[in-house]
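Undergrad: Numbering (this note's numbering), first residue to last: 173 to 383. Ideal placement from N, C-alpha and C gives every residue a C-beta, glycine not left out. Quick one: structure below, then a few questions.
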């Protein structure tokens with residue numbers, strides 16, 4: 173069996189009972205998955221292959237699955253509106269971001285989109301994010317650390333419209349999620365490669381017309 177096809181202590185697993193009873197939990201000593209259908213001692217999962225069928229305390233069957241990144245983002249603390257997965261997917265496809273990419277993100281929030289980008293650029297890439305609010309930046313770092321992705325991200329507290337620093341190597345793609353992205357555009361020519369895609373999330377018609 174290939175490495176990481178079996179559950180180890182400290183892993184996150186998705187316990188699936190039915191569409192209404194599914195939850196990402198961390199396997200650790202003494203931890204339990206609990207629902208109205210019964211509970212499961214998570215310690216007992218160590219050594220089982222992902223995809224195994226198990227029984228809850230009531231005898232009801234459940235599956236222990238390897239969570240996708242989208243599943244893991246349910247663990248993140250959110251205090252801001254996030255870009256939903258369907259929009260993240262389109263933006264990522266249009267950006268061409270992949271392993272080794274260097275990505276600039278303007279408007280990190282609490283790190284939801286950042287986590288998808290970090291997951292894509294690893295193991296050799298980097299996401300550099302700007303967030304104007306220190307409390308959001310701190311929350312983003314905490315969220316990324318929870319997923320083991322903080323090593324692929326540098327978050328700078330500041331306003332990219334005023335203090336966008338020149339990187340050692342230029343960025344291959346830019347993601348922007350602030351109310352007035354047009355105020356960042358003039359500064360990008362000095363920090364991105366000539367063909368770098370620039371993607372702005374614009375949820376209102378007024379933003380689209382102005383951008």
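So, using beta-carbon positions, are residue 280 and residue 312 closer together than 7 Å?
TA: Along the chain shown, read from residue 1 onward, the residue named residue 280 stands at position 108. Along the chain shown, read from residue 1 onward, the residue named residue 312 stands at position 140. The Cβ atoms of residue 280 and residue 312 lie closer than 7 Å to each other.
Undergrad: Output the boundary residues of the beta strand (DSSP E) element that contains residue 302.
TA: Reading the chain shown from its first residue, position 130 is the one you call residue 302. Residues 298–303.
Undergrad: Looking at C-alpha atoms only, which residue of 204, 199, 210 and 180 is the closest neighbour of residue 190?
TA: Reading the chain shown from its first residue, position 18 is the one you call residue 190. Checking every option, the nearest Cα to that of residue 190 belongs to 210.
Undergrad: Would you be able to state if there are at least three C-beta pairs under 8 Å between the segment 311–325 and the segment 275–289?
TA: yes
Undergrad: Take the Cβ of residue 183 as the centre, count every other Cβ of all protein chains shown within 10 Å, and call the residue buried at 16 or more, exposed below.
TA: Taking the first residue of the chain shown as 1, we reach residue 183 at position 11. Buried is the call here.
Undergrad: Residue 325 by DSSP, collapsed to three states: which one?
TA: Numbered from its first residue, the chain shown carries residue 325 at position 153. Strand.
Undergrad: Rounded to a whole number of angstroms, what is the C-alpha to C-alpha distance between residue 203 and residue 291?
TA: As a position in the chain shown, residue 203 is number 31, starting the count at 1. As a position in the chain shown, residue 291 is number 119, starting the count at 1. When rounded, the distance between both Cα atoms is 27 Å.
Undergrad: Buried or exposed: where does residue 173 fall if 16 or more other Cβ atoms within 10 Å of its Cβ makes it buried?
TA: As a working note, residue 173 is residue 1 in the chain shown. Note on residue 173: pLDDT 36, under 50, position unreliable in the model; the coordinate value appears next. Counting of Cβ neighbours within 10 angstroms places residue 173 among the exposed residues, the total staying below 16.
Undergrad: On the three-state DSSP scale, how would you describe residue 229?
TA: Sequence index remark: in the chain shown, residue 229 carries index 57 (1-based). Note: residue 229 maps to coil in three-state DSSP.
Undergrad: Leaving out five residues on either side along the sequence, give the residues of the same chain with a beta carbon under 6 Å from the beta carbon of residue 186.
TA: Here residue 186 refers to the residue found at position 14 of the chain shown. For residue 186, where only same-chain residues beyond five positions count, the Cβ hits under 6 Å are 196, 237, 239 and 243.
Undergrad: List the endpoints of the continuous alpha helix (DSSP H) containing residue 378.
TA: One-based indexing of the chain shown puts residue 378 at position 206. Looking at the DSSP string, the run of the alpha helix (DSSP H) that includes residue 378 is 377–382.
Undergrad: With residue 315 as the anchor, note down where its alpha helix (DSSP H) starts and where it stops.
TA: Mapped onto the chain shown, residue 315 falls at position 143. Per DSSP, residue 315 belongs to the alpha helix (DSSP H) from 306–318.
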